[in-house]
Amino acid sequence: MTFEYAPAPESASVVNIADSYGLFINGKFVPAKGGMTFPTINPANEKVLSKVAYASKDDVDKAVAAARAAYTKVWSKLSPAERGKYLFRIARILQERAREFAVLETLNNGKPIRETRDADIPLAAAHFFYHAGWADKLEHAGVGNNPKSLGVAGQIIPWNFPLLMLSWKIAPALAAGNTVVLKPAETTPLTALFFAEVCQQADLPPGVVNILTGDGATGSHIVNHPGIDKIAFTGSTEVGKLIARSVAGTKKSLTLELGGKGANIVYEDAAIDETIEGIVNGIFFNQGHVCCAGSRLLVQESVHDEVIEKLQRRMSQIRVGDPMDKNTDMGAINSSAQLAKIRELADVGGEEGATRWDNGCELPAKGFWFRPTIFTGVTQAQRIAREEIFGPVLSVLTFRTPQEAIDKANNTPFGLSAGIWSDKGSKVLWTAKNLKAGVIWANTFNKFDPASPFGGYKESGWGREGGRHGLSAYLKGGK
Ligand code: NAP
Ligand code: MG
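For the sequence shown, this note's numbering gives the first residue as 1, with consecutive numbering after it.
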């Protein structure tokens with residue numbers, strides 16, 4: 001049975017996108033050197049939304065100089081309570097402009113308006129509120145009773161949660177007394193540029209936040225700039241390794257939040273219907289463009305058939321289409337490049353012998369789309385069990401004993417997230433203790449809170465973001 005809904009589109013008229021944007025340096029929008037620009041599109045229909053400036057090495061120099069001057073002359077001299085006031089102000093403005101930001105994020109990223117409205121934007125504001133409260137309590141951050149800021153932070157973020165990743169980076173850096181140069185991802189620059197306007201609206205002193213749009217080369221100029229004290233990067237493990245190499249042997253401190261291949265473990269005593277919702281949330285939230293996605297489903301053999309049958313039935317109800325429609329569950333893939341990567345790995349899954357199933361839904365003619373897909377009969381050696389697909393594709397493996405579940409779950413170069421579904425508290429605790437993952441959810445999935453540290457083991461990265469641990473990555477002990 002399928003339910004037909006009348007379309008319920010959100011209006012795009014709440015957001016005013018300019019034809020072009022400059023770089024945000026020292027509190028002002030300025031053109032890039034040589035006037036270089038690139039277009040940014042809506043991945044749901046491939047229409048150009050705006051043109052943004054392309055930052056080259058000279059622009060990075062200018063932004064770092066502005067951040068340094070703001071650090072030495074203004075931000076590091078301000079009382080912690082005054083810094084906190086700016087963060088509270090930014091948090092409130094984000095809340096006031098939440099609808100506008102939600103629409104803008106959906107237009108530029110392709111994710112459903114329901115998610116930007118209910119997750120991305122409220123969580124971004126929550127991050128600023130949380131860190132605003134920390135600004136005058138830094139002696140409790142765990143780095144001694146006289147903590148000091150690091151200086152200028154270079155921050156590089158991916159396209160899957162553009163404004164949220166920005167807030168994970170900027171809020172703790174500013175609360176701790178640092179100034180920043182941030183580069184959003186090439187395909188999703190717009191909410192970062194609107195955030196620059198929020199900084200102006202909040203009267204944030206010029207140079208405390210600088211936003212440079214560009215591509216990987218811009219990111220690499222930031223990473224290699226000698227005037228930067230800390231690099232904070234979220235993105236792929238591949239680029240994370242490059243950055244670790246570049247920063248090695250310099251005085252820069254480094255945090256890396258990288259990829260994942262999260263195991264979602266379903267024991268036979270789990271509440272199956274509830275578990276199905278958790279599996280769907282774990283892999284189809286944000287089109288599966290989630291570093292901590294539950295992309296490897298480990299099901300106890302005795303309930304495998306029941307779980308797969310119910311999962312397929314539930315997946316048939318997932319509505320894929322216009323991200324601006326409030327009824328939409330899954331939106332567009334963020335770029336043609338990402339779509340090509342997902343297609344390639346899904347094809348390999350079939351060639352390597354796993355059984356492919358998707359929900360067969362109709363897809364829009366324009367834009368980048370991929371159906372919710374599962375592979376059953378997956379073995380540990382297959383690429384779809386080992387590599388991050390970063391799309392709406394679930395690999396299903398089975399196990400017989402709890403120890404086998406642990407062995408399979410930990411058999412990965414990553415270690416970011418995991419989920420456990422069971423009726424037995426003792427089994428949940430035993431499993432969590434034996435899993436090598438930074439974030440473990442029990443009988444739920446993809447729950448986030450600014451007070452809770454997030455980060456990984458092994459190739460999923462170094463350091464934590466959020467909570468006291470995340471804050472301390474922007475501080476050093478002082479005398
Ligand atoms: P990516 O290619 O590594 O890009 C991430 C950022 O780094 C982008 O801003 C990118 O710029 C920039 N960049 C690319 N090459 C660079 C270089 N050589 N030096 C410095 N910066 C460079 O990753 P992505 O494809 O955008 O994002 C998906 C990945 O991020 C996935 O692997 C996912 O798991 C991971 N992720 C991790 C977390 C976490 O918290 N652990 C959260 C979200 C995503 P361009 O966009 O212009 O190429
Ligand atoms: Mg990239």
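Glycine included, C-beta positions come from ideal geometry on N, C-alpha and C.
These figures come from a predicted structure and were not determined experimentally.
Item: Alpha carbons only, please: which of N446, S472, Y457 is nearest the one belonging to D120?; Value: N446
Item: What separation, rounded to the nearest whole angstrom, lies between the Cα atoms of G456 and A32?; Value: 36 Å
Item: Rounded to the nearest angstrom, what separates S316 and G360 at their Cα positions?; Value: 8 Å
Item: So, with DSSP's three-state summary, where would you put G419?; Value: strand
Item: With respect to 7 Å, is the separation between the Cβ of D215 and the closest non-hydrogen atom of the ligand NAP below this value?; Value: yes
Item: Within the same chain, show all residues whose beta-carbon is closer than 6 Å to that of G467, passing over the 5 residues directly before and after it, in chain order.; Value: A451, S452, P453
Item: Tell me, please, whether the segment 345-352 touches the segment 381-398 by the rule of three or more beta-carbon pairs shorter than 8 Å.; Value: yes
Item: Can you tell me which of the three DSSP states T401 falls into?; Value: coil
Item: Shorter than 7 Å, the distance from the beta carbon of K241 to the closest heavy atom of the ligand NAP, or not?; Value: no
Item: Quick one: does the C-beta of A55 sit closer than 7 Å to a heavy atom of the ligand NAP?; Value: no
Item: Can we count L63 as close to the ligand NAP, meaning its CB is less than 7 Å from some heavy atom?; Value: Note on residue identity: the sequence assigns Ala, not Leu, to residue 63. Not so, every heavy atom of the ligand NAP lies at least 7 Å from the Cβ.
Item: What three-state label does DSSP hand D118 in the structure shown?; Value: helix
Item: Would you mind stating whether A418 and V428 have Cβ atoms separated by less than 8 Å?; Value: no
Item: DSSP puts P39 in a beta bridge; with which residues?; Value: K51
Item: Return helix, strand or coil for M315, following the three-state DSSP convention.; Value: helix
Item: Between which two residues does the alpha helix (DSSP H) containing L182 stretch?; Value: That residue, L182, is in no alpha helix (DSSP H); its beta strand (DSSP E) goes 179-183.
Item: Give the range of the alpha helix (DSSP H) segment to which I276 is assigned.; Value: 272-284
Item: Measuring only from the beta carbon, is F390 closer than 7 Å to any heavy atom that is part of the ligand NAP?; Value: yes
Item: Excluding the 5 residues flanking E274 on each side, which residues of the same chain have their C-beta closer than 6 Å to its C-beta?; Value: none
Item: Using 8 Å as the threshold, is the segment 105-123 in touch with the segment 195-215, meaning 3 or more CB pairs across them?; Value: no
Item: Would the segment 140-160 count as touching the segment 281-295 if we require 3 or more Cβ pairs under 8 Å?; Value: yes
Item: Around the C-beta of A248, are 16 or more other C-beta atoms found within 10 angstroms, so that it is buried, or is it exposed?; Value: exposed
Item: Closest to L258 by C-alpha separation, out of T187, N145, K458, T218, would be which residue?; Value: K458
Item: Are there three or more Cβ pairs, one per stretch, closer than 8 Å when the segment 43-52 is compared with the segment 364-378?; Value: yes
Item: Under 7 Å: does the beta carbon of A192 sit that close to some heavy atom of the ligand NAP?; Value: no
Item: Name, in chain order, the residues that DSSP records as bridge partners for W441.; Value: G419
Item: Taking 7 Å as the cut-off, is the beta-carbon of P158 closer than that to any non-hydrogen atom of the ligand NAP?; Value: yes
Item: Does the ligand NAP have even one heavy atom less than 7 Å from the beta-carbon of A185?; Value: yes
Item: Quick check for students: name the residue ranges of the alpha helix (DSSP H) that lie wholly in the segment 159-242, counting only runs of 4 or more.; Value: 162-175, 190-201, 216-224
Item: Tell me whether F101 sits in a helix, a strand or coil according to DSSP, three-state version.; Value: helix
Item: Can you tell me which of the three DSSP states Y21 falls into?; Value: strand
Item: Rounded to whole angstroms, what is the Cα-Cα separation between S485 and A332?; Value: This structure leaves residue 485 out entirely; the chain is present only between 1 and 479.
Item: Give every residue of the same chain whose Cβ lies closer than 8 Å to the Cβ of A271, excluding the five residues on either side of it in the sequence, and list them in chain order.; Value: W421, D423, N443
Item: Taking just the CA atoms, how far does P402 sit from T431?; Value: 8 Å
Item: Where does V266 land, buried or exposed, given buried means 16+ other C-beta within 10 angstroms?; Value: buried
Item: Using C-beta distances below 6 Å, list every residue in its chain close to G294, excluding the 5 sequence neighbours before and after it, in chain order.; Value: G262, N264, G282, I283, G419, F445
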